[in-house]
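One structure is given below, encoded as structure tokens.
Numbering (the numbering used here), first residue to last: 9 to 415.
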């Protein structure tokens, strides 16, 4: 009996029905045919599969993420470059503007330098010490100047021949005095001027009435100076007629009346004001004091005080500094201008009621009578605008004013 072959025993076939035959090709590795055209979409779908391989190499997903980050960085840097370009353009524009302005300034400086070179040399500047040293010797210039129309006027005074102005109606017309009609006074004055050789060429423009005489307005200043400097023509008028020295008045409002008795002690009042305000040391002199009120009005605790100086400088001093009365400073001061006041008898300008010879006109109803004779209950009427208010009322829309052609 033969021995069995060496080795493991053969496997017992499980398929007892049929037998399968294998060839050599069955044991060769099989290669699957993959299409050569692979899309990016399919590649991205396989990223999960590729990343799972533990090979340690960069995956496709990381590459795409890096590309996206680089794109963001490039976009940001591009924006910064554009912004920097815009700023550089603005700086360049500003530099051009500054350059043009510098050129213009340089040209202006050159022009000014040329003007300075061609202009005459300026006088040497005085030091403050020199100014202070010379100021003590310099004569102060008065700030007040007489108007030109005042320089053409000459005032004269004469004796009061008649107590009542209405008594002039009984005058024979041969005597020169106060309160004469304007035509008569004009004739007397013109005749007197013609009688003197120095004043025979003087041209008279008009005559006005004052409290003590007349004011003569000449056509030019030369005629006024001739009449003022040559007084021979005054002797022809007679009746102690003389020139009136110009006076310069101021009005001090709300002056206490208890400190002065102007009716009985006018000289003492002048002395008191002169001493209290140091007017004598300034070289000023008061000619007259008077309360500015109507005669029929009772003097109250305060009133407006008229002060007349012999010079314009004295009036200007009070206007600028005010008035001291009993150690009380009164600053409400204004220049006294009678010619701008209204006559309460005829409601015209250029004179006052005491010297008025015109037909009376009522300031309430505009009738031809004095205001104190106006009947009660009469409606007011303005002489200036015919409105239903008294003449000179503040509500008048067209109030009359003084005519500057008269003195």
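Backbone N, C-alpha and C fix where the C-beta goes; we use that ideal spot for every residue, glycine too.
- If one requires a minimum length of 3 residues, the beta strand (DSSP E) runs lying completely within the region 245–295 are 256–264, in chain order.
- Taking the C-beta atoms as reference points, residue 166 is found nearer than 8 Å to residue 248.
- Fewer than three Cβ pairs drawn from the region 316–326 and the region 373–385 lie within less than 8 Å of each other, which leaves the two stretches out of contact.
- By the beta-carbon neighbour count (other beta carbons within 10 angstroms, threshold 16), residue 285 is buried.
- Judged by DSSP in its simplified three-state form, residue 322 adopts helix.
- Under the three-pair Cβ rule at 8 Å, the region 378–392 does not count as touching the region 228–244.
- By the neighbour-count criterion, in which 16 or more other beta carbons inside 10 Å mark a residue as buried, residue 405 falls on the exposed side.
- The secondary-structure analysis by DSSP pairs residue 313 across a beta bridge with 260, 299.
- Annotated three-state conformation of residue 405 is coil, per DSSP.
- Separation of the CB atoms of residue 216 and residue 359 is rounded to 7 Å, and the pair is thereby assigned contact status at 8 Å.
- The C-beta of residue 306 has fewer than 16 other C-beta atoms within 10 Å across all chains shown, which makes the residue exposed.
- Around the C-beta of residue 87, fewer than 16 other C-beta atoms lie within 10 Å, and the residue is accordingly described as exposed.
- Residue pairing by DSSP places residue 163 opposite 223 in a beta bridge.
- Looking from the CA of residue 283, the closest CA among 110, 331, 101 belongs to 331.
- For residue 215, the enclosing beta strand (DSSP E) stretches over residues 212–217.
- Judged by beta-carbon spacing, residue 279 lies beyond the 8 Å limit of residue 338, meaning their Cβ atoms are not closer than that value.
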